[in-house]
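Student:
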Amino acid sequence: MVWIVRNLWLIPVLPAFAAALISLASQSRRKFAAYLAIGSMSCSLLLSLLAFAHTLHHPSVEFVNFPWLQFGATWLAFGWLLNPLTAVMLVMVSFVGLLIFVYSVGYMAHDENFTRFFCFLSLFAGAMLGIVISNNLLLLFMNWEIVGLTSYLLIGFWYQRPAAAAAAKKAFIVTRIGDLGLFLGMMWLYSASGTLLFYDNGAGCLEHSAIAAMASHGVALGLTASSAIALLIFCGAAGKSGQVPLHVWLPDAMEGPTPVSALIHAATMVAAGVFLVARVYPLVAASTGTGPSAALEVIAWVGAITALFAACIAVAQNDIKRILAYSTVSQLGYMMLGLAVGGVAVGMFHLITHAFFKALLFLGAGSVIHGCEGEQNIRRMGGLRKLMPVTFITYAIGMLALCGFPLFSGFWSKDEILFSAHQWNLSAIPYYLGTAGALLTAFYMTRQICYVFFGTPREKAQPVGLPEHAVSLESRESPAVMTWPLMILAFFAALLGFIGTPAWPWFQEFLNGRPAAFDFRLFQANGLLPLMAVSSIIVFVGLALGWWLYGRQPVSAAEQPDPLERWQPGIFHALMHRLYVDQIYDVSVVRIARWLSIVSEWIDRHILGGSIRLVAWFVSGISHVDFLIDSSFINTGFDEGCGEIVRGGRLLSRLQNGRVQNYLSVLGIALVVFVFYLLLGSRG
Amino acid sequence: MNSPFFILAALTIFGASAAMTLRNMVHCTLALSICFIGIAGLYLNLGAQFLGLAQVLVYVGAVVILIVFAILLTRSGELPSPRPSRAVYGIIVAAPTFGILAWAMLTGATVPVQPQAHIDQIGRVMMHHYLLPLEIVGLLLTAALIGAVVIAMEEKQSTK
Amino acid sequence: MNPLTACLLLSALLFSIGLGGALSRRSAILVLIGIELMLNAANLNFIAFWRFGPHPENLTGILFVIFSIAIAAAEAAVGLALILAVYRHFKTSDLSRLNSMKG
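Chains as they are written, first to last, in this note's numbering: chain A, 469 to 1152; chain B, 4 to 163; chain C, 42 to 144.
1) Check whether the Cβ atoms of C/L121 and C/R67 lie closer than 9 Å to each other.
2) Would you list, in chain order, the members of the region 1121-1132 of chain A that have their beta-carbon closer than 9 Å to a beta-carbon of chain C?
3) Where does A/P1029 fall in DSSP's three states?
4) Taking only three categories from DSSP, how would you classify A/A688?
5) Taking only beta-carbon positions, decide if C/N140 is within less than 9 Å of chain B.
6) Classify A/E841 as buried or exposed, calling it buried when 16 or more other Cβ atoms lie within 10 Å of its own Cβ.
7) Is there at least one Cβ from chain A nearer than 9 Å to B/I103's Cβ?
8) Going along chain C in order, which residues have a C-beta closer than 8 Å to the C-beta of B/M129?
9) Say whether the region 136-147 of chain B touches the region 1127-1134 of chain A, bearing in mind that this needs 3 or more beta-carbon pairs closer than 8 Å, one atom from each stretch.
10) Below 9 Å between beta carbons: does that hold for A/A721 and A/I732?
11) Which residue or residues does DSSP assign as beta-bridge partners of A/W548?
12) Express the C-alpha separation of A/G690 and A/G759 in angstroms, rounding to a whole number.
13) In terms of DSSP beta bridges, what is A/D411 paired with?
14) Rounded to whole angstroms, what is the Cα-Cα separation between C/C48 and A/E1112?
15) Here's the rule: buried if 16 or more other CB atoms are within 10 angstroms of the residue's CB, otherwise exposed. What is A/S1056?
16) Going by DSSP, what residue range makes up the alpha helix (DSSP H) through A/H715?
17) Whose Cβ in chain B lies nearer than 9 Å to the Cβ of A/L1147?
18) Is C/S68 helix, strand or coil by DSSP?
19) Determine which residues share a DSSP beta bridge with A/T969 and list them.
20) For chain A, find out if any of its Cβ atoms is closer than 9 Å to the Cβ of C/A126; answer yes or no.
21) Provide the residue(s) that pair with A/D720 in DSSP beta bridges, ordered along the chain.
22) Listing by chain order, which chain C residues have their CB less than 9 Å from the CB of B/R89?
23) Contact between the region 114-134 of chain C and the region 149-158 of chain B is defined here as three or more beta-carbon pairs at a separation below 8 Å; is this criterion met?
24) Thinking C-beta only, is A/H822 closer than 9 Å to A/G878?
25) A/A1012 lies in the alpha helix (DSSP H); which residues open and close that run?
26) For a contact defined as C-beta to C-beta under 8 Å, what are the partners of C/V119 on chain B?
27) I'd like to confirm the pairing. Which residues does DSSP put opposite A/L1082 in its beta bridges?
28) Between the region 42-60 of chain B and chain C, which residues of the former have CB atoms less than 8 Å from a CB of the latter, in chain order?
29) Look at A/I865 and A/F825 and say whether their C-beta atoms are less than 9 Å apart.
30) Starting from B/V66, find everything on chain C with Cβ-Cβ shorter than 7 Å and list it in chain order.
31) Applying a beta-carbon distance threshold of less than 9 Å, which residues of chain F neighbour A/L482?
32) List the residues of chain A that C/L60 touches, going by C-beta distances under 7 Å, in chain order.
33) From the beta carbon of C/A83, is the nearest beta carbon of chain B less than 9 Å away?
34) Hey, out of A/L744, A/Y667, A/C918, whose CA is closest to A/F1164's CA?
35) Using a threshold of 9 Å, state whether the C-beta atoms of C/A83 and B/A65 are closer than that.
36) Return yes when the Cβ of A/L591 is within less than 9 Å of the Cβ of A/A501, no when it is not.
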């Protein structure tokens, strides 16, 4: 076994260790924290690249297991594994992470909690890399929870803001609902297969024998055990990846600092759900019959609905980061759809390309916010094209990649998902949902970019009372430490797609462990070209529509109603209020929980509390009787005894006269007596 | 038993009794160092050269100096002579102790041999067999050093 | 008289002198000196038993004394520091006046 496989654990441990060191440093050691975090991340990136290079030649699964905990006669083993899926994720997470770390140095430069920020960020990176290499669902779950914790800490990083604190709590609780499912699935998987190791020389839970046993074991309603477990695990993935109906936390999570949104809530952590499904794909896909398993079917529907649903809401949002957040939810839906209809490679390809262009978009948004001194409402921006040229160009590249503009990375990966959805033999509806989502994606991104970068600065339309919200004309390009990561990410966002084109599906074949061949004829297979043409046209339509509504006649004042609002006010308002999902949760789930708590409070107060008062009353009655006996009979005798003890103590205290030498002489005399006694004894 | 032993023994006993009876405390300390040197000589005489040197270094070199410092710092050079009653009291306890110990020793049995303790042997044993105790003693000395400094430091004004 | 007995008698005498002094002198420093004498008597015993005992090649006696000397040095340092602290607090090192622990 080669060095890199044996020492794969170093990749997550380095950032985690850096986090531990930073946590010990004082808040003023800013440079130390930044250098340590970036240095450890660079080392992780280097090791990840080594691991990646290794898998290029050895695409089979390699793993190292070690016993961790013994209970009864069985050992719980932990371990790490390396296969192409792991290697790709490792490189992506550490590379994007490193760029975002560098960017954060600029973005957080004026924050007083700079050191704490890097501590959390490093811990996050360590746990995220831990998820990627885990060869054990329990170990993965532990890292998963650490990731959730750091997400909570970082969303609430500016905890002085009530909105941030509330968003952090919401994110934690909503993802916890999903994690409950994941935990149940894990328990069930353990009881069904007897192990939580993914791969263990044929004994792992993702290997043939265990999967076959679970797939043939029916539970209820036509579900097999494997599908039921997979669906429970998907609950966790849906919570983390913001799938409908657990998506509500992700837009609120934008209260955190923008690098956090880029790293955790766009590129890596939310993708962890997709990765989890990809990791347990043998379990998810296991079916006895011919068609796809029930779990895959559910995932496909959830993914397709999420993709369209979130895209709709994104159309009517005004906060630059919130638009991107809904776009992330929508793209995560595409990934899930891709996983379900096309397999691991299809979903993972979109995950990787999305990580790059969405991180780019978030960092670009951060640059805009940084330049506009904290303003996040796109309707109050405008005309930034000339003031922030680098940000504008890179943002435009990210936007085109996200829309799926031909030849940009998003085009290839999204097209492949739509193509697979088209081929899906159960239903054509997911394909149409996805296509509609693509149209909306192009539209809302055009809307956003028109608002932010085109037109004229709209600060003059501000009411006089709120000058601080105005975009100052002095908004300048961000420092180089922030623009360089943007440019690097833009490069990848534009060109990364070429590693997975239909003519040369290197990425897909790499994940499947096969060498890729270059073949133009693959374009003609199964009506691929017409589909590509259709989706290109859809993108163009979306872009044109957006330009026609927002670019042609730029909105000149922030207060002026949105063009779409003038046209369809009812729908627009519904979308602006995010289709009232939060309100629905408020009146349903939250209200029920509150009602339950009121009922239990009543029970507690009147039934349990009443019985306790009864017992207390009884006890105090007994104690009154006791007191009478005590004071009349027992006290007298006790007082006498105490007096005797005091007199005896006075006598003995003469010995304790506080002089050390007296004590020492007692010791000497005792020695004499003792030795004398011993000698007499030995005489017999 | 050879004559150097008796000479050294006499020196030691003389030093010890002087240290415990003289009135001037600096004199007492000097007598104590004579006693320690006598003991060091006895160690040499008994074949424990290393210990003899250690005795001189540690006791005569360090402990006696410490005591002198303590005498200077507590400004207690001259003392009134011990009250006769106390001296008698000390003798009353000490004499039976000696008597009983001497009785015990004179009635015991012995096995005479001729050992040698070279310093390299001591070092070897100390670094192998007694390594842990050695480290612990090192730690103890450090702790005692710090503790002595802390105890002897000026008391802070507790009320501010 | 055999040599072991002579050594042991010597150390017993030394011990008794130390004990007598520690009991009769009033100065805390002199009491400490008495205690040092007793410690040295014990060390002398160790050496005598090593020299004339059954297994001298083990060097147990020697090593015991080495550690004992080290600990005695620590004890002397702490003891004298205590005396200084006591002196600073009570303005005396006369043990007969230090009886605040009187019961």
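The C-beta atom is built at its ideal place from N, Cα and C for all residues, glycine as well.
Tutor: Reading off the structure:
1) no
2) S1121, R1122, L1123, Q1124, N1125, G1126, R1127, V1128, Q1129, N1130, L1132
3) coil
4) coil
5) no
6) exposed
7) yes
8) L104, I107
9) no
10) yes
11) A/V532, A/S602
12) 14 Å
13) Nothing can be reported for residue 411 of chain A: it is not among the residues displayed for chain A, which extend from 469 to 1152.
14) 52 Å
15) exposed
16) Counting along the chain, A/H715 falls outside any alpha helix (DSSP H), and DSSP gives it neither H nor E.
17) I103, W106, A107, T110
18) strand
19) A/W972
20) no
21) Bridge partners of A/D720: none, in fact.
22) L64, S65, R66, R67, S137
23) yes
24) yes
25) 996-1014
26) A147, G150, A151, I154
27) None; A/L1082 has no bridge partner.
28) I42, L45, Y46, L49, G50, A51, F53, L54, A57, Q58
29) yes
30) E77, A114, A117
31) Note that chain F does not occur in the displayed structure, where the protein chains are A, B and C.
32) G1136
33) no
34) Nothing in the structure corresponds to residue 1164 of chain A, since chain A is present only between 469 and 1152.
35) no
36) no
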